[in-house]
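Down below is the structure, laid out as structure tokens.
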Amino acid sequence: MRVYNTLTKKKEEFVPLEEGKVRMYVCGPTVYNFIHIGNARPMIVFDTARRYMEYKGYEVNYVSNFTDVDDKIIKKAMEEGVTAQEISKRYIGECQKDMAMMNVKPATTHPLATQEIAGMLEMIQELIEKGYAYAVNGTVYFRTRKFATYGKLSHKNLDDLRGGERVLLVSGEDEKEDPLDFVLWKPKKEGEPFWESPWSQGRPGWHIECSVMSRKYLGEQIDIHAGGEDLVFPHHENEIAQSEACNGKEFARYWLHNAFLNIDNRKMSKSLGNFFTVREISEKYDLQVLRFFMLSAHYRSPLNFSAALMESSRNGLERLVTTAGNLKYLGEQGAPGAMTPQEQEQFEEAQVYVKKFEEAMDDDFNTADAIAAMFEMAKYLNTHVSAGNTKEYVEKCLKRLVDLGDILGLILLKEEELLDEEVEKLIAERQAARKAKDFARADQIRGQLLEQGIVLEDTREGVKWKRAQQS
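Going by numbering that gives the first Met the number 0, the first residue of the sequence shown is number 0, and it counts up by one from there.
Structure (structure tokens):
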């Protein structure tokens, strides 16, 4: 398996630190609103990478954080007159619903920045003691120039970066020793949440959060660090500087970054009116269609979102779902007994498509080519499976197609749809569980309904539900 490493700018053979195990950290969203489709791309593509590594037999420790303290969260809280914690808690819940509808597996651990403050204070103190950080008027800065290889990930030269010095100085940050130094801890402003520290009542800088959470849940060295290409600089560059300065060893072996998502060939922005949340998309499409769309291009290629491309994705996914449905029907009607020699031969012949799929995924998770291999397999099965075949042959063919879909997180066999009265019954059971403070069961029911495409909304008038539009 080869992956493209942003650090070396080339594809490399993937060799984990520990045989059979993968330690992977993916930067998660800042939770101040519903996630948008740009947030969805890394969630989907790196979930798929994880699924493929698990298919290959790796035990993957997958950590993806929620940034639950940030200027945007505080601003939203002030606008609504609630606490920052209420905002972050609300939108973590909404994000998890969207992830479930996109069939993104929960991470091994989803740490919250606010629950890891003690570790951040500890790492900042270590950096001060090692001479990599200094405090001024309650703010702690990292000495960028002291870290000799700063810029190695983004391939930026420190002297070129100094070109921005005047802008940095104009911003009033002239208390820094060097304009390129970045914040590890900052004092609170009026009305902001804060934590006690040796330097001031304040909160951590964004970059230190991921360094600390990665170290706590994965160790001082990890195999893969991933995220959107917008995080390469300064976020991931600063993570490397902090982690390696503190721990004295290489932080991450492989850096994977997905390319941007454009809308109708333009950058997504609220000002252009082309900003879409995942929840808005779910009102028009089954989010399996969004997932298929995201995987229809290589993760390092820029991706253009448009209504026409989503319709094309809907049709493409429908072809695979229809093939799986037909095979299921033929399997139920299939003749008893073992596969015939001819069926055995055809089954082995179709293995070529599994091989093509694996070759595509082994080549830096090329999901576009993997999907193409699935279409080839579907075409073969549509012509080589019929009503006269044995049950064993048809079921094995179906399983093979469904298993490849599962690696991509595509659900090819739709479960029988719940009837309205069954939904109402489950909602009543969930309400009873909440009343009894059995929140685990309540969440389990919500998850069960989400898997069936049922979206719940807790409103002042009670619980309302709707079906996500199916493809």
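Ideal Cβ placement from N, Cα and C applies to all residues, glycine included.
On a predicted model such as this, the values are computed, not experimentally measured, just so you know.
Alpha-carbon spacing of W198 relative to V21, whole angstroms = 37 Å
For T143, which residues does DSSP report across the bridge?
-> None, per the DSSP bridge assignment.
Inter-stretch contact at 8 Å, needing at least 3 Cβ pairs: the stretch 173 to 188 / the stretch 142 to 161 | yes
Helix, strand or coil at Y90 [DSSP, three-state] | helix
Along the chain, which unbroken stretches of the beta strand (DSSP E) at least 3 residues long are found entirely within the stretch 181 to 218?
-> 181 to 186 and 201 to 203
Span separating the alpha-carbon of T7 from that of L449 | 41 Å
How many angstroms separate the CA atom of P335 from the CA atom of D405?
-> 27 Å
Are the beta-carbon atoms belonging to D46 and V103 less than 7 Å from one another?
-> yes
Is L308 helix, strand or coil by DSSP?
-> helix
DSSP-derived helix/strand/coil call for H297 = coil
By how many angstroms is the C-alpha of E12 removed from the C-alpha of S210?
-> 25 Å
Rounded to a whole number of angstroms, what is the C-alpha to C-alpha distance between V401 and E93?
-> 29 Å
Would you check if the distance between the CB atom of E342 and the CB atom of Y379 is smaller than 7 Å?
-> no
Terminal residues of the continuous beta strand (DSSP E) containing V422?
-> V422 -> not in any beta strand (DSSP E); alpha helix (DSSP H) instead, spanning D419 to K434.
Looking at P301 and M212, is the spacing between their C-beta atoms short of 7 Å?
-> no
From K436, E317, Y57 and Y31, pick the residue whose C-alpha is nearest to that of E489; which is it?
-> The shown model of the chain, from 0 to 470, leaves out residue 489, and the question about it has no answer.
Can you name the start and end residues of the alpha helix (DSSP H) that L157 belongs to?
-> L157 to L160
When I453, L425, V454 and R252 are compared against R440, the one with the closest alpha-carbon = L425
Status (buried if at least 16 other CB within 10 Å, exposed otherwise) for M122 | buried
Inside the stretch 301 to 359 only - alpha helix (DSSP H) runs reaching at least 4 residues | 306 to 332 and 340 to 348
Compare the Cα-Cα distances from V62 to each of R214, G324, R40 and Y253 and report the closest residue.
-> R214
Please list, in chain order, all residues of the same chain as N38 whose beta carbon is under 7 Å from its beta carbon, the five residues on each side excluded.
-> P28
The ligand MG heavy atoms versus the CB of P233: any closer than 6 Å?
-> Absent from the structure shown: the ligand MG. Ligands present: none.
Candidates E219, L289 and K413, of which the one nearest F250 by Cα = E219
From L255 to N4, what distance separates their C-alpha atoms?
-> 6 Å
Would you mind working out which of A377, V59, T82 and N60 sits nearest D70, comparing C-alpha positions?
-> T82
Closest by C-alpha distance to F274, when choosing among S281, D285, N261 and K283 = N261
Name the residue from Y284, R265 and Y24 whose alpha carbon lies nearest to the alpha carbon of H235.
-> Y24
Rounded to the nearest angstrom, how far is the Cβ of V478 from that of T113, given a contact under 8 Å?
-> With the chain covering 0 to 470 only, the question about residue 478 has no answer from this structure.
Specify the secondary structure class of G80 as computed by DSSP and reduced to three states.
-> coil
Using the Cα positions of E189 and W205, report the straight-line distance between them to the nearest angstrom.
-> 19 Å
Go through its chain and collect everything with a Cβ distance to L286's Cβ below 8 Å, but skip five positions before and after it.
-> D97, M100, M101, N102, V277, I280 and A467
Under three-state DSSP, which class holds K463?
-> strand
Reference K175, options F146, G150, P192 and A134, closest by Cα | A134
Beta-carbon proximity list for E115, same chain, < 6 Å, skipping 5 on both sides | V211 and M212
Beta-carbon proximity list for L289, same chain, < 6 Å, skipping 5 on both sides | I280
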